[in-house]
Amino acid sequence: MPDFDAIIVGGGIVGATVACALGQAGVQVALIEAREPVPPEDQQPDPRVFAITRASERVFRSLGVWDAIHRRGAFAFTDMEVWDAAGDGVTHFDCADLGEPCLGHIVEPRFIQTALWQQLASIDAVSLYCPARFETISILDDRVEVTLDDQLLTAELVIAADGARSPVRNILGMETQRHDYRQSSLVALVKTAEPHQDTAWQRFLPGGPLAFLPMDGGWSSIVWTMPSDHVERLLTADKDVFHEELAMAFGHRLGDIVESGEREAWPLQRMHAEHYVDARVALIGDAAHAIHPLAGQGVNLGLLDAAALAEVIVDARQRGKDSGRLAVLRRYERWRRGDNLLMMKAMDGINRIFSKVGSPLGPARNLGLSLVNRSSTAKRLFMGHAMGLGGDLPKLAAVNEEASLSV
Ligand SMILES: Cc1cc2nc3c(=O)[nH]c(=O)nc-3n(C[C@H](O)[C@H](O)[C@H](O)COP(=O)(O)OP(=O)(O)OC[C@H]3O[C@@H](n4cnc5c(N)ncnc54)[C@H](O)[C@@H]3O)c2cc1C
81 MPDFDAIIVG GGIVGATVAC ALGQAGVQVA LIEAREPVPP EDQQPDPRVF AITRASERVF
141 RSLGVWDAIH RRGAFAFTDM EVWDAAGDGV THFDCADLGE PCLGHIVEPR FIQTALWQQL
201 ASIDAVSLYC PARFETISIL DDRVEVTLDD QLLTAELVIA ADGARSPVRN ILGMETQRHD
261 YRQSSLVALV KTAEPHQDTA WQRFLPGGPL AFLPMDGGWS SIVWTMPSDH VERLLTADKD
321 VFHEELAMAF GHRLGDIVES GEREAWPLQR MHAEHYVDAR VALIGDAAHA IHPLAGQGVN
381 LGLLDAAALA EVIVDARQRG KDSGRLAVLR RYERWRRGDN LLMMKAMDGI NRIFSKVGSP
441 LGPARNLGLS LVNRSSTAKR LFMGHAMGLG GDLPKLAAVN EEASLSV
């Protein structure tokens with residue numbers, strides 16, 4: 081008998097979520113995480129935040145962690161405004177038009193991470209190996225063997241939630257398709273002279289989009305995407321210069337920038353695994369796909385992967401099947417790969433259309449923004465996907481009340 085039903089490598093937000101979902105359903109899991117997963121309480125605010133969709137909020141509610149996340153700090157945004165720097169096309173989304181209390185929440189990753197790990201500590205079916213580093217994996221007919229530091233663990237399957245550079249995926253030689261955007265995203269917390277109006281703002285500039293995401297106390301988190309060779313200068317620029325260039329890039333929409341915190345930059349690459357599964361292995365989250373951050377979908381897609389894979393494993397076990405069999409895991413791949421690919425292509429298309437300097441598409445994209453603004457059907461369709469509510473949702477995300485899985 082293997083030691084566990086499943087071994088999860090990587091206890092970031094996606095790995096911790098699948099561990100919670102499986103553990104709460106009574107599946108025996110081992111979670112291996114290399115880093116200290118819960119940041120110290122007095123840690124400085126994270127300059128990078130996540131826009132959490134309504135679907136992800138439902139997953140967290142179902143796992144019983146949403147209240148803890150909300151208590152620590154989740155800022156609800158009610159509106160979203162998108163416009164093109166090279167024209168007058170603008171689209172405004174208001175949650176009231178969609179019959180929703182908000183469009184989503186802006187949350188620091190550490191708040192989600194801490195809430196999930198505190199929940200994990202209370203689940204008997206979850207064994208935590210942390211800090212511990214996954215080293216090797218052997219796939220056998222009836223089980224997987226995983227080594228970490230000096231230990232050997234066995235299970236029916238391994239779930240790789242170990243990020244975009246996934247050691248599990250690399251060791252197993254699972255192929256990926258990649259594209260270098262030659263863009264980087266500069267992130268920082270900034271305070272503006274005018275209030276953000278609980279609105280997520282996005283202005284498309286020739287070098288890439290600039291987003292202002294609303295947070296408590298009048299602060300906003302910016303994600304400023306630009307050609308990679310421009311980012312270094314702005315990372316090291318004096319505060320005053322940075323504030324001035326940022327306000328200008330944003331068309332002074334919220335007035336001057338009056339304060340800002342630490343700046344960080346992330347190079348952007350699209351990556352998609354050709355297969356999410358193999359016998360006794362499943363990839364989820366950034367281990368399976370890395371996507372352009374322009375609509376803040378990355379971790380949200382990973383959370384839906386986690387909820388879908390947990391459901392497939394629990395269903396198989398309920399029917400007395402070996403959940404590591406390729407035929408079982410393929411259901412997860414069929415469920416999630418197409419949806420993720422669609423979202424990646426949509427992000428690529430938007431990035432390409434809006435990033436072209438002097439593009440002949442300029443008038444068409446401005447017209448497009450104005451047309452969407454006038455059509456409630458188009459708005460509903462667009463926002464349904466942006467809120468994660470389109471497609472075939474897993475049980476943990478699908479209903480308004482909290483759902484649960486059990487073997
Ligand atoms: C600028 C920017 C802005 C973004 N904004 C958003 C947003 O608004 N909304 C959104 O949804 N997404 C956003 N994303 C995407 C988001 O950051 C990722 O999709 C998300 O962090 C992926 O989570 P994950 O748990 O899959 O992987 P990770 O967070 O990378 O976690 C992987 C874990 O595996 C562990 N690990 C790795 N190797 C080993 C090993 N050998 N042994 C043990 N453990 C190991 C790591 O320590 C880590 O904890 C943004 C990305 C960028 C670059």
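Residue numbering for the sequence shown follows our numbering, beginning at 81 and increasing consecutively.
Note that the Cβ used here is the ideal one computed from N, Cα and C, for glycine as well.
Close-in-space but distant-in-sequence residues of the same chain around residue i (CB under 8 Å, 5 per side omitted)
i           : result
residue 201 : 208
residue 229 : 212, 213, 215
residue 343 : 127, 266, 267, 268, 314, 315, 322
For residue i, the nearest candidate out of the options (CA to CA)
i           : options            : result
residue 447 : 343, 325, 170      : 170
residue 166 : 100, 434, 468, 103 : 434
residue 476 : 373, 458, 387      : 387
residue 254 : 367, 135, 426, 385 : 367
residue 328 : 361, 313, 290, 93  : 290
residue 191 : 176, 444, 122      : 122
residue 261 : 428, 172, 375      : 428
residue 188 : 119, 89, 286, 161  : 119
residue 326 : 347, 300, 445      : 300
residue 163 : 457, 452, 466, 484 : 452
residue 135 : 185, 92, 153       : 185
residue 117 : 111, 314, 92       : 92
residue 270 : 224, 335, 414, 231 : 335
residue 250 : 354, 339, 266      : 354
residue 466 : 82, 132, 89        : 132
residue 298 : 199, 338, 282, 104 : 338
residue 83  : 105, 111, 264, 285 : 111
residue 331 : 345, 373, 281, 346 : 281
residue 426 : 385, 393, 444, 376 : 376
residue 272 : 457, 404, 333      : 333
residue 458 : 152, 346, 177      : 177
residue 341 : 384, 150, 248, 125 : 125
residue 248 : 225, 263, 264      : 225
Supposed close pair residue i, residue j - CB separation, criterion 8 Å
i           : j           : result
residue 349 : residue 276 : Contact doesn't hold; Cβ gap of about 30 Å is too wide.
residue 99  : residue 109 : 5 Å
residue 235 : residue 94  : In fact, because the Cβ distance is near 18 Å, the residues do not count as touching under 8 Å.
residue 140 : residue 295 : That pair is no contact at about 19 Å.
residue 371 : residue 306 : Contact flag wrong, Cβ pair sits at about 18 Å.
residue 142 : residue 390 : Wrong, their Cβ atoms sit about 10 Å apart, outside the cutoff.
residue 107 : residue 238 : In fact, because the Cβ distance is near 13 Å, the residues do not count as touching under 8 Å.
residue 463 : residue 183 : 7 Å
residue 252 : residue 129 : No, residue 252 and residue 129 are not in contact; Cβ-Cβ is about 33 Å, not under 8 Å.
residue 494 : residue 144 : Given a span of 81 to 487 for the chain in the structure shown, any question on residue 494 remains unanswerable.
residue 347 : residue 308 : 6 Å
For residue i, the three-state DSSP class (helix, strand or coil)
i           : result
residue 334 : coil
residue 356 : coil
residue 449 : helix
residue 262 : strand
residue 305 : strand
residue 254 : coil
residue 274 : coil
residue 422 : helix
residue 428 : helix
residue 295 : coil
residue 472 : coil
residue 340 : strand
residue 363 : strand
residue 315 : helix
residue 91  : coil
residue 348 : strand
residue 268 : strand
residue 398 : helix
residue 172 : strand
residue 487 : coil
residue 372 : coil
residue 248 : helix
residue 279 : strand
residue 285 : strand
Neighbourhood of residue i by C-beta distance below 6 Å, restricted to the same chain and skipping five residues each side
i           : result
residue 417 : 356
residue 406 : 359
residue 148 : 195
residue 420 : 369, 381
residue 450 : 169
residue 159 : 174, 279
residue 394 : 105, 485, 487
residue 352 : 257, 369
Proximal residues to residue i (C-beta, below 7 Å), its chain only, five neighbours per side dropped
i           : result
residue 146 : 137, 140
residue 401 : 408
Proximity test, Cβ basis, 7 Å: residue i and chain C
i           : result
residue 354 : The displayed structure is made up of one protein chain only, and chain C is not part of it.
| Whole runs of the alpha helix (DSSP H) within the region 180-241, excluding any shorter than 4 residues | Listed in chain order, they are 189-200.
| request: Enumerate, from N- to C-terminal direction, the unbroken beta strand (DSSP E) stretches of 3 or more residues contained entirely within the region 105-138. | output: As far as the region 105-138 is concerned, its whole beta strand (DSSP E) runs of at least 3 residues are 109-112, 130-132.
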